[in-house]
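Quick notes on the structure that follows.
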Amino acid sequence: MCGIVGYIGTQAATDILMAGLEKLEYRGYDSAGIATIWEGDIHSVRAKGKLYNLREKLEQIANAAQIGIGHTRWATHGKPEEYNAHPHTDTRGRVAVVQNGIIENYRELREQLQKRGHEFSSDTDTEVIPHLVAEFLQNLSTPHTSLPTPLLEAVRQAVNQLKGAFAIAVICADYPDELIVARQQAPLIIGFGQGEFFCASDTPAIVPYTRAVLNLENGELAKLTPLGVEVYNFGGDRLKKFPRTLNWNPMQVEKQGFRHFMLKEIYEQPGVVRTCLETYINSDWHPDSSQVVEDGVRDGANPIKLGIPDAFYDSLAQIQILACGTSWHASLVGKYLLEQLAGIPTIVQYASEFRYAPSPLIPNTLTIGVTQSGETADTLAALDMEQQRRMDLGTDNQARLLGITNRRESSIAHLVPHIIETHAGIEIGVAATKTFVTQLVAFYCLALDLAYRKKTLPLSQITEIITELRQLPSQMEIVLESQERYIEELAHDFTETQDFIFIGRGINFPIALEGALKLKEISYIHAEGYPAGEMKHGPIALLDAKVPVVAIAMPGMVYEKVLSNAQEAKARDARLIGVTPRNDREAAHVFDHLLPVPVVDELLSPILTVIPLQLLAYHIAARRGLDVDQPRNLAKSVTVE
Ligand code: G6P
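Residues in the sequence shown are numbered consecutively from 1, following our numbering.
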C-alpha cells in the first residue's frame, strides 16, 4: 500500500506534493515525508503519524524547490517511527527514494552494501534502493552508460537487482532536473502538464493539475524532466508511449457537506446502483424481444449487456472466484447467485490462501478476480498464477479470466482479457460501501447473463428479477431516509459495547459477515459474523446481556429459521437487533430493535439489508469519536502480500 508522489516543473514542489499526499492518505497513514532538491542539496522532512504532523513541521521550513518526491506509509518493514519514514537516502544524502511495495531480497542486498561501507539508518526494505543507486552512479563512467543520463542508468541497474513488487520515485541532488520513476507490480501513474510532470500511485493526486496520464507498466522506468517524459524498459530500450485523457468528476473526492467520506459514500449507493444497472441491463429489452423458439429454447436479444465472450461460457464446468476482504464477501453472494440462478458450481477462495494451496485445476473453469481497487497484491498474484498454471497445463482455459473492478485503469485490467467495471466512482473511505453494492450488481448481471444464455431460468423469472432489480435504487433511498436518524440514536447505546454477533443465512449470511467487518474495521469493537444455524455450535457460548446480536431476517426460505435462531439468542439475554421487512408483526415480537427495509424477494435483499449495517457501524464509530475514514492499521489498497 503506501502512496508515492513526485513533481518536477515550475511551481513550488512542496505544496503540490502535500496536496497529492492528502489525496493518497487512504493508502496508509503511519508516517509521511517529502524530499526536495534546493540549492544543490536534498532537503528531507519526515514525521510519524498522519499527514498533519508533517504539515506542522513544514510550516517552519520553507523552500522554493521545483522538484520533489513524497510518501505516505503503511508500515510493512520496520515500526511506524520517523526514522523508518520515507524518503530514504544514501549514506551521503545525495539520493532520495520513495517506494510502495516490498523488496523481498532487501536483507541480502543490505548485507552486501554494508560490507561495502554503506551506512543504514532505518529498518526498512526501501533503504537499499538509494544506496544501490548511489553506488551505481559512482561506478558509472559516463560515456559508457547505455541510457542517456547517468541517473536513469543507475536507477535501471538498481531496479534490476530488486526482487519483489515495487513502484519507486528517485531524485538526486547532482541531477536536479530529473525525476526517475520505475514500476514492477505496483501502480504508478505519470501526469503530463505544461512544462511540469507528476507521478503518483493513484490518479486523485494528479487530476487537480492534468487529465493527461500514462500508466507505467511492469518492468518500465521513466525519466521526467521539465521538458518531457521518456519511458524505457528495464533492459534499457526506449519505448514509445502516449498519455491518455482521464474522465474525472472532481466532486467525487470532496465530502460535499457530509461529516465523513464513508457517510457520503453510503448515501451515494442508490445512485451508483442505478448507474450500474443502466449500464448492464438493456433498457430496450422486453421479454417479447427474446424470441421463444420452442420449449425453453430462445434466441434474440439478451437483457444483459456485459459483453462477455461466448467462449467464456462454452461447456462451463465451474466458476472459481478469487478475492480479499469485502470483495470476498461480495463474491460469496455471487456464488449463491451463480449456483442458484445459473446452476454453475462456484467456489470462492481468499486470494491470499489460494496462492499457496491452489485447488486442482478443473477443465472449463471460469476464474473471476474481484477487487474494487484492481490493485490488491494477493488477488493479482493469484490471477497471474492461475493464468500461468493453465498455460503450463496447456488447457483450453487460458483466456477464461474475468475481472470485476471499480478501477478500469488499474492493474487487473492488464491481467485479464475481460473486465466488468462497477461504476461506483472513486471511494475514499477505507471501509468499502458503495463499491460493495455495485459488486453485488455485477454478480446479479453475471448470473442473469449466464442464466439467459444457458437457459437455466424461464424468461418470466428473468423478467421478474430484472423488474425488481430496477426498483432497488428507490428502495435503497427509502432505507436511508427512514433509518438513519433512528440508527444514529441507537448507536448511543453501543459505544461501550465490546462484542457483537451478526447472524444471517443463505444469501444474507455474507451480509452478516460484511456487517461484522464494517463494525470492527471502523469502531474497533470485536464483531463476528456467523451463519445463524451454526450459532449453537459455538458462538452461543459468548452470549449474555452484554453481547448484542444483529440478525438479518428476510422473508424467504430461511426466514422462520433465522427468527428461531434469534429467539435462541434472546433466551440467553442477548439484546436483539433485527434487519427485517417493514411492517412485519412477527419480527416486532422477537426483536428489541428493528431496522426495517422494504419487502423484496430474498434473492435481492442483500443490496438493502447491508445498508442498516453500514449505518450502524458508521454511527457507532463516529460516536466513539474515531477516524471513520482512516481507521487505524488499515489501508484501502493493499498492494503488498
Ligand atoms: C483492504 C480494504 C478493504 C478491501 C480489501 C480488498 O483490506 O481495506 O476495504 O475490501 O482491501 O480490496 P480490493 O480492492 O481488492 O477489493
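Ideal placement from N, C-alpha and C gives every residue a C-beta, glycine not left out. The model shown is predicted, which means the values in this text are computed figures rather than measured ones.
Roughly how many angstroms lie between the CA atoms of residue i and residue j, to the nearest whole one?
i, j, result
"Ser122", "Arg572", "53 angstroms"
"Arg575", "Leu440", "30 angstroms"
"Leu113", "Gln157", "15 angstroms"
"Leu615", "Glu488", "8 angstroms"
"Val95", "Thr89", "5 angstroms"
"Pro539", "Ala512", "14 angstroms"
"Ser474", "Ala432", "21 angstroms"
"Thr203", "Ile189", "7 angstroms"
"Ala447", "Leu341", "6 angstroms"
"Val273", "Ala424", "8 angstroms"
"Ala311", "Leu457", "21 angstroms"
"Ala323", "Asn406", "14 angstroms"
"Gly236", "Glu153", "8 angstroms"
"Ile180", "Leu316", "46 angstroms"
"Glu56", "Ala621", "27 angstroms"
"Glu278", "Phe436", "17 angstroms"
"Leu17", "Phe197", "12 angstroms"
"Tyr336", "Lys115", "57 angstroms"
"Thr495", "Gly257", "25 angstroms"
"Gly6", "Cys199", "5 angstroms"
"Asn63", "Gln11", "11 angstroms"
"Gln185", "Ser201", "12 angstroms"
"Gln483", "Val558", "24 angstroms"
"Asp295", "Arg389", "Low local confidence applies: a pLDDT of 44 at Asp295 is under 50, so the model's placement there is unreliable, and no value is given."
Quick one: using the 10 Å Cβ neighbour count with 16 as the cut-off for buried, is residue i buried or exposed?
i, result
"Thr72", "buried"
"Lys546", "exposed"
"Asn565", "buried"
"Ile362", "exposed"
"Lys255", "exposed"
"Ile61", "exposed"
"Gly9", "buried"
"Pro148", "exposed"
"Phe136", "buried"
"Pro510", "buried"
"Asp629", "buried"
"Asp15", "exposed"
"Arg485", "exposed"
"Ala205", "buried"
"Ala516", "buried"
"Leu393", "exposed"
"Tyr356", "exposed"
"His619", "buried"
Taking the beta strand (DSSP E) that residue i belongs to, which residues open and close that run?
i, result
"Cys172", "Gly164 to Cys172"
"Leu188", "Where Leu188 is concerned, there is no enclosing beta strand (DSSP E), given that its DSSP letter is neither H nor E."
"Tyr350", "Thr346 to Tyr350"
"Asn139", "Run containing Asn139: none in the beta strand (DSSP E); it sits in the alpha helix (DSSP H), Val128 to Asn139."
"His418", "His418 to Glu421"
"Asp41", "Asp41 to Lys48"
"Tyr232", "Gly228 to Asn233"
"Phe197", "Phe197 to Ala200"
"Leu221", "Glu220 to Thr225"
When the Cα of residue i is compared with those of the options, which residue comes out closest?
i, options, result
"Val597", "Val628, Val558, Val562 and Ile552", "Ile552"
"Asn139", "Val155, Glu127, Asp125 and Thr124", "Val155"
"Glu81", "Asn53, Met391, Glu278 and Gln60", "Asn53"
"Gly193", "Glu178, Arg355 and Val213", "Val213"
"Lys240", "Leu383, Leu216, Pro226 and Asn302", "Leu216"
"Ile69", "Glu22, Ala13 and Arg27", "Ala13"
"Ile465", "Lys455, Tyr444, Lys454 and Gln483", "Tyr444"
"Asn302", "Asn282, Glu496 and Thr126", "Asn282"
"Tyr175", "Cys199, Leu380 and Pro226", "Pro226"
"Gly228", "Phe242, Asn218 and Glu220", "Phe242"
"Ala85", "Ile206, Pro150, Asn63 and Gly3", "Gly3"
"Gly387", "Tyr524, Glu25 and Gln320", "At residue 387 the sequence reads Gln, which differs from the Gly that was named. Considering only alpha carbons, the answer is Gln320."
"Ile607", "His492, Pro360 and Ile266", "Ile266"
"Met554", "Ala588, Lys570 and Val600", "Val600"
"Leu519", "Asn508, Thr91 and Pro548", "Pro548"
"Ala173", "Thr379, Ile67 and Pro270", "Ile67"
Tell me where the alpha helix (DSSP H) around residue i begins and ends.
i, result
"Lys434", "Lys434 to Lys454"
"Leu616", "Pro606 to Arg623"
- Task: Please confirm if the stretch 248-261 is in contact with the stretch 590-600, defined as three or more CB-CB distances below 8 angstroms between the two stretches.
- Result: Counting Cβ pairs under 8 angstroms, fewer than three are found: no touch.
Given 8 angstroms, three or more beta-carbon pairs between the stretch 532-542 and the stretch 499-517: Contact check between the stretch 532-542 and the stretch 499-517: three or more CB pairs, one atom from each, fall below 8 angstroms, which counts as touching.
- prompt: When the Cβ atoms of the stretch 476-490 are set against those of the stretch 371-387, are three or more pairs found closer than 8 angstroms?
  reply: Because the criterion of three Cβ pairs below 8 angstroms is not met, the stretch 476-490 and the stretch 371-387 do not touch.
Would the stretch 26-42 count as touching the stretch 609-624 if we require 3 or more Cβ pairs under 8 angstroms? The stretch 26-42, when compared against the stretch 609-624, does not touch it at the 8 angstroms Cβ threshold.
- Task: Decide yes or no for the touch test of the stretch 577-591 against the stretch 447-464: beta carbon pairs closer than 8 angstroms, at least 3 of them.
- Result: Flag = no, the stretch 577-591 and the stretch 447-464 do not touch.
If you pair each beta-carbon of the stretch 99-113 with each one of the stretch 124-135, do three or more pairs fall below 8 angstroms? Per the Cβ contact rule, the stretch 99-113 is in contact with the stretch 124-135 (3 or more Cβ pairs under 8 angstroms).
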